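Below is one structure, written out as structure tokens, with a few remarks after it.
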Amino acid sequence: MREKICTFSGIHISPADPRPEEICIEDIAHALSLMTRANGHFPVFYSVAQHSLDCAAMAQAEGRSSREVLACLLHDASEAYLSDITRPVKGCLPEYRRIEQVLQEMIYEKYLIAPPTEREREIVKRMDDTCLYYEFEHFTGEKLFDVAPQAAVLPEYRECPMREVEKKFLALFEKLMAQTVQEDGVRTDQ
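Be aware that the sequence shown starts at 12, since it is given in the numbering used here, and climbs by one per residue.
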């Protein structure tokens with residue numbers, strides 16, 4: 012039997028044994044907009060969805076393709092079904108990382124048509140690390156790396172209502188999907 016969770020949209024999904032048809036962008040946007048970064052240890056509510064929007068904005072500011080920006084927007088999408096776990100803890104959970112990777116790849120394949128290339132993965136990782144660095148510097152004063160990463164643009168770190176963030180996430184997703192179709196000429200069902 013597949014253990015399932017019920018999502019915001021009413022879809023039931025087994026995070027450990029997902030099916031593409033169970034993945035829904037509205038569920039991703041909603042859940043990530045309610046999930047805090049840093050396990051809730053920032054002084055204000057700052058969501059995973061805000062972080063994802065910031066990663067996408069940094070990629071856009073660098074002039075990245077719509078597909079690369081979309082990959083940045085979706086890079087934490089699996090957390091909508093699994094939860095956000097801090098890096099130090101995640102490193103101790105190999106089975107969680109395996110489940111996360113399977114689910115994240117399925118999300119990428121559903122919305123990006125094909126898995127990200129190594130180059131695209133490097134871009135996503137760099138944007139994610141850059142956002143992580145500046146989030147911690149802004150909210151805690153801590154510098155996580157010896158050398159500050161280059162950023163084409165820095166986000167405005169402010170507490171945002173979750174519904175506003177959810178709407179921004181969905182609007183950017185739709186825009187990037189349309190642009191990716193124009194650039195690549197292919198789109199699957201959402």
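Each residue gets a CB set at the ideal place from its N, CA and C atoms; glycine is no exception.
Values in this document were obtained by computation on a predicted structure and should not be read as measured data.
- For Q190, the enclosing alpha helix (DSSP H) stretches over residues M173 to D195.
- Within its own chain, the residues whose Cβ lies closer than 8 angstroms to the Cβ of V113, once the five positions on either side in sequence are excluded, are P29, listed in chain order.
- Within the model, the alpha-carbon separation for E120 versus P126 is close to 5 angstroms.
- Straight through space, the alpha carbons of Y57 and T97 are spaced by roughly 14 angstroms.
- 9 angstroms or more divides the Cβ of E116 from the Cβ of R78.
- Taking the C-beta atoms as reference points, S25 is found nearer than 9 angstroms to E33.
- Under DSSP, C17 takes part in a beta bridge, and its partners are H23.
- For P99, there are no CB contacts under 8 angstroms within the same chain when 5 residues up- and downstream are skipped.
- Assigned with DSSP and collapsed to three states, T47 falls in strand.
- Across the structure, Q71 and Y168 are spaced so that their CA atoms are roughly 18 angstroms apart.
- Close CB contacts of V59 within its chain, under the 7 angstroms cut and outside five residues either way in sequence, are with L43, M46, R48, D87, E90 and D95 (chain order).
- By the Cβ-count criterion, L85 is buried, with 16 or more other Cβ atoms from all chains shown falling within 10 Å of its own Cβ.
- Distance from the CA of M188 to the CA of A162, rounded to the nearest whole angstrom, comes to 24 angstroms.
- Straight-line spacing of the CA atoms in E73 and R13 works out to 42 angstroms.
- Excluding sequence positions up to five before and after C142, its CB lies within less than 6 angstroms of the CB of H62, D65 and C66, all in the same chain and listed in chain order.
- Annotation: Y57 is outside any alpha helix (DSSP H) and is labelled neither H nor E by DSSP.
- In the DSSP assignment, Q161 falls outside any alpha helix (DSSP H) and carries neither an H nor an E.
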